[in-house]
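Engineer: Under full-length UniProt numbering, think of the first position of the sequence shown as 1, with each following residue one higher. Here it is, the structure in full.
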Amino acid sequence: MGKYCIDRMLSDALYGEVLLGHDVSTDELVAIKKMDPATAVHGCKCPRVREDIEVEKHVNRLFRSHGGHPNILPLRQDFVQNGADHLVFDFCPKGDLFSAMDHGALPNDVAQRYFSQIAHGIAFMHANGVAHRDVSLENVLIDDSDTCRVCDFGLAASTKARCADKVGTDFYMAPEVAQGQLYDPAIADVWSLGIVLFMMLTGVPLCELATPKDLRFKYLCEYGLRNLFNSWKLHVNADATELLELMLEPNPAMRCTLDQVLAHRYVHSTNDDDDEDPGAAVGAPTEREHIVDLTTHKVIEEATRAWEFVNSFWKRPTGAVAAVASV
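Here's what the structure looks like:
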């Protein structure tokens, strides 16, 4: 590889492997994403492998040509060797955001700071005409300065496109994507980003897949996020709850835009309400909400059982682009 010396393999990746190396001239650690369809993990024969690799290369080069962004993992160099594409990135020693949540929800101030960073990274993508389409905890890395870097752009699409393919990771997939509808990929990114925030604050996914067959998603659609928080006794502060309601709107036509996310006070405020009474944080249940709890007791009970069951087995999705998160 000339300029780089390989130290060891970090992980398998969907289309190859991720290697830890160092720049021989500066001794800086780097992560090298080696992408070779012939040696793809689990013998993956996905017909769009080559397309995804080309998209990954194109998007990384595009961002580099536009000066990059503090919350986008920077591409240092790319080259082809022995028929395999190699992308060289900064090494992020703290791993991915998924791994940072091994012990559950993050502290409120940390979640708020990380969310703001990730949102600004995605906004940079959108400003350059690119929607991510696989926003997830696994695709956010944390560098040695505790800064979040969005990565893995193999599923990216133009923000001007209207897409129909079902791509991404189930937990984070927007309803319109999961249900096979024609969708705006930038608006779908907003839902996925909302799920990232939900998971950072609660330590668990909202639902397994956002379709009517999922009891938790069905409950969200019928009774709203505040009732869901109250029913499951989840404490989320008021500003975060308000923003999540805007982002996790099942109807994409009514969902907020990323510009509205960035303008929201949760993104700009300091976290001063950590000591709020948990019941007041999401709004004390109104009389109507008490009635909802009583009249839908069976729905809540079933949804809660499903929620506890899925979360007891929650782990990094297999076959997802999560392997890249070890960069």
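Cβ coordinates follow ideal geometry from the N, Cα and C atoms, glycine included. A quick note: this is a predicted structure, and the numbers were derived from the prediction, not measured.
Nearest CA to the CA of alanine 161: which residue from Asp144, Ala178, Leu141 and Ile187?
Structural biologist: The count along the sequence shown starts at 1 and reaches residue 161 at position 161. When only C-alpha atoms are compared, the closest one is Ile187.
Engineer: Considering only C-alpha positions, which residue in the set Ile142, Val88, Asp102 and Phe198 is nearest to leucine 248?
Structural biologist: Residue 248 sits at position 248 when you count from the first residue of the sequence shown. That would be Phe198, whose Cα lies nearest to the Cα of leucine 248.
Engineer: Going by C-alpha distance, which of Gly2, Ala263, Lys34 and Cys207 is nearest aspartate 12?
Structural biologist: Your numbering for residue 12 matches position 12 in the sequence shown. When each option's Cα is compared against that of aspartate 12, the closest is Lys34.
Engineer: Spatial neighbours of threonine 202 within its chain, please: CB distance less than 6 Å, with the 5 preceding and 5 following residues excluded, ordered by chain position.
Structural biologist: On the sequence shown, position 202 is the one that residue 202 refers to. These residues qualify, in order along the chain: Ala105 and Leu234.
Engineer: If you draw a straight line from the C-alpha of glutamate 289 to the C-alpha of tyrosine 266, how long is it?
Structural biologist: To locate residue 289, count along the sequence shown from 1; it is residue 289. To locate residue 266, count along the sequence shown from 1; it is residue 266. Here the model assigns glutamate 289 a pLDDT of 45, short of 50, so the residue's position is not dependable, and the following value carries that caveat. Cα to Cα, glutamate 289 sits roughly 25 Å from tyrosine 266.
Engineer: Could you name each continuous alpha helix (DSSP H) segment of 4 residues or more that falls completely within the stretch 76-129, going from the start of the chain to the end?
Structural biologist: Correct list: 97-100 and 108-127.
Engineer: Out of Lys218, Tyr183 and Cys207, point me to the one whose CA is closest to alanine 131's CA.
Structural biologist: The residue labelled residue 131 in the question sits at position 131 within the sequence shown. Ranking Lys218, Tyr183 and Cys207 by Cα distance to alanine 131 puts Tyr183 first.
Engineer: Are the CB atoms of arginine 76 and valine 59 nearer to each other than 8 Å?
Structural biologist: What you label residue 76 is simply residue 76 of the sequence shown in a count that begins at 1. What you label residue 59 is simply residue 59 of the sequence shown in a count that begins at 1. No, the pair does not count as a contact, with Cβ atoms beyond the cut-off.
Engineer: Considering only the alpha carbon of each residue, which of Val30, Asp102 and Tyr15 lies closest to valine 55?
Structural biologist: Here residue 55 corresponds to residue number 55 of the sequence shown, with the count starting at 1. Valine 55 has its Cα closest to that of Tyr15, out of Val30, Asp102 and Tyr15.
Engineer: Does the Cβ-Cβ distance between serine 158 and glycine 180 come in under 8 Å?
Structural biologist: Here residue 158 is taken as the residue at index 158 of the sequence shown, counted from 1. Here residue 180 is taken as the residue at index 180 of the sequence shown, counted from 1. Contact flag unset, no.
Engineer: Looking at the secondary structure, which residues open and close the beta strand (DSSP E) in which leucine 141 lies?
Structural biologist: Residue numbering aside, residue 141 sits at position 141 when the sequence shown is read from its first letter. Leucine 141 -> beta strand (DSSP E) spans 140-142.
Engineer: Do proline 185 and arginine 133 have their C-beta atoms within less than 8 Å of each other?
Structural biologist: Taking the sequence shown and counting its residues from 1, one reaches residue 185 at position 185. Taking the sequence shown and counting its residues from 1, one reaches residue 133 at position 133. Inclusion of proline 185 and arginine 133 in the CB contact set at 8 Å is warranted, their separation being smaller than that value.
Engineer: Buried or exposed for asparagine 251, please, with buried defined as at least 16 other CB atoms from any protein chain shown within 10 angstroms of its CB.
Structural biologist: On the sequence shown, residue 251 is found 251 positions in, with the first residue counted as 1. Its Cβ having fewer than 16 others within 10 Å, asparagine 251 is exposed.
Engineer: Distance check for glutamate 138 and serine 99, CA to CA, integer angstroms please.
Structural biologist: Translated into positions along the sequence shown, residue 99 becomes position 99. Translated into positions along the sequence shown, residue 138 becomes position 138. Those two C-alpha atoms are separated by around 8 Å.
Engineer: Give a yes or no on whether the C-beta atoms belonging to arginine 149 and valine 135 are separated by under 8 Å.
Structural biologist: Position 149 of the sequence shown, counted from the start, is the residue given in the question as residue 149. Position 135 of the sequence shown, counted from the start, is the residue given in the question as residue 135. In this structure, valine 135 does not lie closer than 8 Å to arginine 149 by Cβ.
Engineer: Looking only at its own chain, which residues have a Cβ that is under 8 Å from the Cβ of threonine 211, when we skip the five neighbours before and after it?
Structural biologist: To locate residue 211, count along the sequence shown from 1; it is residue 211. Pro175, Ala178, Gln179 and Phe217, listed in sequence order.
Engineer: Distance check for glutamate 242 and glycine 283, CA to CA, integer angstroms please.
Structural biologist: Reading the sequence shown from its first residue, position 283 is the one you call residue 283. Reading the sequence shown from its first residue, position 242 is the one you call residue 242. Confidence is the limiting factor: at glycine 283 the pLDDT is only 44, short of 50, which leaves the residue's position unreliable, though a coordinate-based value still follows. Approximately 10 Å between the Cα atoms of the pair.
Engineer: Three-state secondary structure (DSSP) at cysteine 216?
Structural biologist: Residue mapping note: residue 216 aligns to position 216 of the sequence shown, counting from 1. The sequence given here has arginine at residue 216, not cysteine. Arginine 216 falls in the helix class under three-state DSSP.
Engineer: According to DSSP, simplified to helix, strand and coil, what is glutamate 51?
Structural biologist: Within the sequence shown, the letter at position 51 stands for residue 51. The answer is helix: DSSP assigns glutamate 51 an H, G or I state.
Engineer: For aspartate 165, I'd like the list of residues in its chain whose CB is within less than 8 Å of its CB, leaving aside the five on either flank, ordered along the chain.
Structural biologist: The residue labelled residue 165 in the question sits at position 165 within the sequence shown. Nothing listed; no residue qualifies.
Engineer: Of the residues Met173, Met9, Arg113 and Ser145, which one's Cα is nearest the Cα of alanine 31?
Structural biologist: Mapped onto the sequence shown, residue 31 falls at position 31. Comparing Cα-Cα distances from alanine 31 to each of Met173, Met9, Arg113 and Ser145, the minimum goes to Met9.
Engineer: Determine the extent of the alpha helix (DSSP H) in which glutamate 208 is found, giving its start and end residues.
Structural biologist: Within the sequence shown, residue 208 is the residue found at index 208, counting from 1. Run containing glutamate 208: none; DSSP gives neither H nor E here.
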